[in-house]
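See below for the structure under consideration.
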Amino acid sequence: MAYKTLEDCLLDLEKNNHLIRITEEVDPYLEMAAIQLRMYEAKGPAILFENVKRSPLSTLKGSPFRAASNIFGTLERSKFIFRDTFHLVQQLIELKQNPMKGLQHPFKNIQAGLAAINALPLKNPTSKPVLYQEINIADLPLIHHWPMDGGAFVTLPQVYTEDIDAPGIMKSNLGMYRVQLTGNKYELNKEIGLHYQLHRGIGIHQTKANRKGLPLRVSCFVGGPPAHSLAAVMPLPEGISEMTFAGALAGRRFRYTYQDGFAISTDADFVITGEIYPNENKPEGPFGDHLGYYSLQHPFPLMRVHKVYAKKNAIWPFTVVGRPPQEDTSFGELIHELAGGAIATEIPGVKEVHAVDAAGVHPLLLAIGSERYTPYLPTKAPAELLTIANHILGTGQLSLAKFLFITADDTNKLTTHNIQAFFEYIFERIDLTRNIHFHTNTTIDTLDYSGTSINSGSKVVFAAYGEKRRELARTVPAAFKELQSFENPQIVMPGVIALQTKKFVSYEVTHQEMDRLSEQLTNSVEIETIAQIIVCDDSSFVAHQLSNYLWATYTRCNPSHDIYGVNSFTSNKHWGCKGPFVIDARIKPHHAPPVEKVPEIEKRIDRLFNKGGSLYGVI
Numbered sequence: 001m002a003y004k005t006l007e008d009c010l011l012d013l014e015k016n017n018h019l020i021r022i023t024e025e026v027d028p029y030l031e032m033a034a035i036q037l038r039m040y041e042a043k044g045p046a047i048l049f050e051n052v053k054r055s056p057l058s059t060l061k062g063s064p065f066r067a068a069s070n071i072f073g074t075l076e077r078s079k080f081i082f083r084d085t086f087h088l089v090q091q092l093i094e095l096k097q098n099p100m101k102g103l104q105h106p107f108k109n110i111q112a113g114l115a116a117i118n119a120l121p122l123k124n125p126t127s128k129p130v131l132y133q134e135i136n137i138a139d140l141p142l143i144h145h146w147p148m149d150g151g152a153f154v155t156l157p158q159v160y161t162e163d164i165d166a167p168g169i170m171k172s173n174l175g176m177y178r179v180q181l182t183g184n185k186y187e188l189n190k191e192i193g194l195h196y197q198l199h200r201g202i203g204i205h206q207t208k209a210n211r212k213g214l215p216l217r218v219s220c221f222v223g224g225p226p227a228h229s230l231a232a233v234m235p236l237p238e239g240i241s242e243m244t245f246a247g248a249l250a251g252r253r254f255r256y257t258y259q260d261g262f263a264i265s266t267d268a269d270f271v272i273t274g275e276i277y278p279n280e281n282k283p284e285g286p287f288g289d290h291l292g293y294y295s296l297q298h299p300f301p302l303m304r305v306h307k308v309y310a311k312k313n314a315i316w317p318f319t320v321v322g323r324p325p326q327e328d329t330s331f332g333e334l335i336h337e338l339a340g341g342a343i344a345t346e347i348p349g350v351k352e353v354h355a356v357d358a359a360g361v362h363p364l365l366l367a368i369g370s371e372r373y374t375p376y377l378p379t380k381a382p383a384e385l386l387t388i389a390n391h392i393l394g395t396g397q398l399s400l401a402k403f404l405f406i407t408a409d410d411t412n413k414l415t416t417h418n419i420q421a422f423f424e425y426i427f428e429r430i431d432l433t434r435n436i437h438f439h440t441n442t443t444i445d446t447l448d449y450s451g452t453s454i455n456s457g458s459k460v461v462f463a464a465y466g467e468k469r470r471e472l473a474r475t476v477p478a479a480f481k482e483l484q485s486f487e488n489p490q491i492v493m494p495g496v497i498a499l500q501t502k503k504f505v506s507y508e509v510t511h512q513e514m515d516r517l518s519e520q521l522t523n524s525v526e527i528e529t530i531a532q533i534i535v536c537d538d539s540s541f542v543a544h545q546l547s548n549y550l551w552a553t554y555t556r557c558n559p560s561h562d563i564y565g566v567n568s569f570t571s572n573k574h575w576g577c578k579g580p581f582v583i584d585a586r587i588k589p590h591h592a593p594p595v596e597k598v599p600e601i602e603k604r605i606d607r608l609f610n611k612g613g614s615l616y617g618v619i
């Protein structure tokens, strides 16, 4: 449906049993987030909070604003929201990638062409509901998600900036970057914090403005048609504007105007406008983030607030970010369905790339590519795959990855989305003496604290191709039951074993520990059936389910520092091992703490789920 407003969408969801209202007063400090987490985990409906406890800082005399969450909580609901435009947008993206298809099948694609009319932004519409009232930051629903968070954050923002050298909406950027509203050293109502990486669209705009010594004008839209939120996170093909995508997906042109020189999304529920001045930073964070840990406090750009607008009866949408899966998992699934084929067009030779959600998305990539160089090599071995791997690690958000496992499948039966089967295929075939390739002293995700410092760490590529080299153990080999200093061996999946040992002390001590492990296993024939060893704090936890293995292993490891090998060697600057490779996935002192639920808050929200509460019997 072509929703004009967020409320239109929520009413439609309610009509179709996809939404529940909470009428009791709920505290934005931890309670609302805890309710959202519980509802998402149960695959429950979207939530409309009708009675948000007022902030004592608010200057408004009327009722506080309502809030909504879990709107995109399931893929089914997300596709329902966009049911009338989903396939048309898929066609538009496909036509952008392959224009000849439109010429070859003009009548088949005529609807997509008509849908493209909605992609044209509409300036200065007659109705501008978001300009109904001016408010303060303190009047917003100041939702505090996790106990250690530095303050209240916007978790579903649409942050708009323009290129100072090429102003205008068609060259603009709309991104979903973290926005801190309160706390730390921010002056209430006058300053907020933005968290983003300089290679992102807004960072490029800021760099250009900085060079001219000018402030960057920023508009933060919140709410509006759901398509606008999705547009802010969508990795669009080059040349497609987020605003045109938003209009096409919404089935309604993106409406905007300018107020005091700032772009305003007139259909938004709220708009915060302000400026970022060169070299003005303040500490931002901590914040419970998508890796399942807190991102810590660091200097990030300060935004001086100009004005804050809200429409009449505005609704504040939010989500909760934490250890996956969370609501952003459903975002990812939706994006994959919309534009899953785009990566194959952008990177020649790639058939699939899967950013693994359970590992926090950015740390771990699984890929299938082509291998056409092999006929010219003496034996089947990764060759073209290594070229493709370098291309993947140099492409957009994929460049944030730390681990890339890549193979080619001549049978066309393998998929990266059957994660365990994919790993088994890799581990059966990989030559550990030849095909582990490191990239050291490079960039990783700002939110990943496994590296040597913020933004700094390493990457590793595991490439496999050819015939099976080993049968993978499905039970714990006897040699692992006799180890000294390493306990509780557990099979995680065929060919992968988890061992627990003492807490991490230092890298110097770890080198000694790993040498002892290698010495104990080197002469064992049984280790030929094991490809990977995970050294961890709790091997029962790691082996309990696949998601635990993916999360603990790949978020707690800096490849250059935390990968070892049984009978390892270095030859002409190439590192390999003749036995299994070892990942030290223990928690280190420099890691950020994990986000954890608060038992007291969990008990407090039970009142809503008990008999007589708004959520009784819902999940």
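Numbered continuously in the numbering used here, the sequence shown closes out at residue 619. The C-beta atom is built at its ideal place from N, Cα and C for all residues, glycine as well.
Residue i burial status per 10 Å Cβ neighbour count (16 or more: buried)
i: residue 619; result: exposed
i: residue 459; result: buried
i: residue 173; result: buried
i: residue 525; result: exposed
i: residue 478; result: exposed
i: residue 243; result: buried
i: residue 351; result: buried
i: residue 519; result: exposed
i: residue 312; result: exposed
i: residue 271; result: buried
i: residue 642; result: The chain is shown only over 1 to 619; residue 642 falls outside these bounds and no answer can be derived.
i: residue 154; result: buried
Spatial neighbours of residue i in its chain, beta-carbon cut-off 8 Å, leaving aside the 5 residues before and after
i: residue 107; result: At residue 107 the pLDDT is 36, less than 50, meaning the model places this residue with poor confidence and gives no usable figure here.
i: residue 647; result: This structure cannot speak to residue 647, because the chain is shown only from 1 to 619.
i: residue 442; result: 456, 457, 458 and 459
i: residue 432; result: 531, 565, 576, 577, 578, 579, 580 and 581
i: residue 297; result: 150, 184, 283, 284, 285 and 286
i: residue 234; result: 242, 245, 335, 338 and 339
i: residue 83; result: 1
Chain-order list of residues whose beta-carbon lies under 6 Å from that of residue i (same chain, five-residue window excluded)
i: residue 190; result: 305
i: residue 382; result: 435, 463 and 465
i: residue 504; result: 586 and 588
i: residue 162; result: 172
i: residue 333; result: 75
i: residue 295; result: 285, 287, 289 and 447
Residues of its chain near residue i, where Cβ-Cβ distance is below 7 Å and the 5 sequence neighbours each way are ignored
i: residue 215; result: 209, 275, 276 and 277
i: residue 149; result: 286, 287 and 288
i: residue 492; result: 498, 534, 542, 543 and 549
i: residue 142; result: 28, 55, 152, 181 and 182
i: residue 236; result: 242 and 245
Integer Cβ distance of residue i from residue j, believed to fall under 8 Å
i: residue 69; j: residue 318; result: 5 Å
i: residue 251; j: residue 2; result: 4 Å
i: residue 446; j: residue 560; result: Actually they are not in contact, since the Cβ atoms of residue 446 and residue 560 sit about 18 Å apart, beyond 8 Å.
i: residue 393; j: residue 401; result: 6 Å
i: residue 428; j: residue 472; result: 6 Å
Three-state secondary structure assigned by DSSP to residue i
i: residue 95; result: Note on residue 95: pLDDT 49, under 50, position unreliable in the model; no value is reported.
i: residue 359; result: helix
i: residue 551; result: helix
i: residue 205; result: helix
i: residue 269; result: coil
i: residue 249; result: helix
i: residue 305; result: strand
i: residue 614; result: coil
i: residue 14; result: helix
i: residue 346; result: helix
i: residue 351; result: strand
i: residue 222; result: strand
i: residue 33; result: helix
i: residue 604; result: helix
i: residue 481; result: helix
i: residue 19; result: strand
i: residue 182; result: coil
i: residue 27; result: coil
i: residue 160; result: strand
i: residue 128; result: coil
i: residue 171; result: helix
i: residue 135; result: strand
task = Would you list, in sequence order, the uninterrupted beta strand (DSSP E) runs of no fewer than 3 residues that lie entirely inside the stretch 43-90?
result = 46-49 and 66-69
inquiry  = Which runs of the beta strand (DSSP E) at least 3 residues long sit entirely within the stretch 492-539? Give them in chain order.
reply    = 496-500 and 532-536
request  = Ignoring anything shorter than 4 residues or poking outside the stretch 389-467, list the alpha helix (DSSP H) runs there in chain order.
outcome  = 419-429
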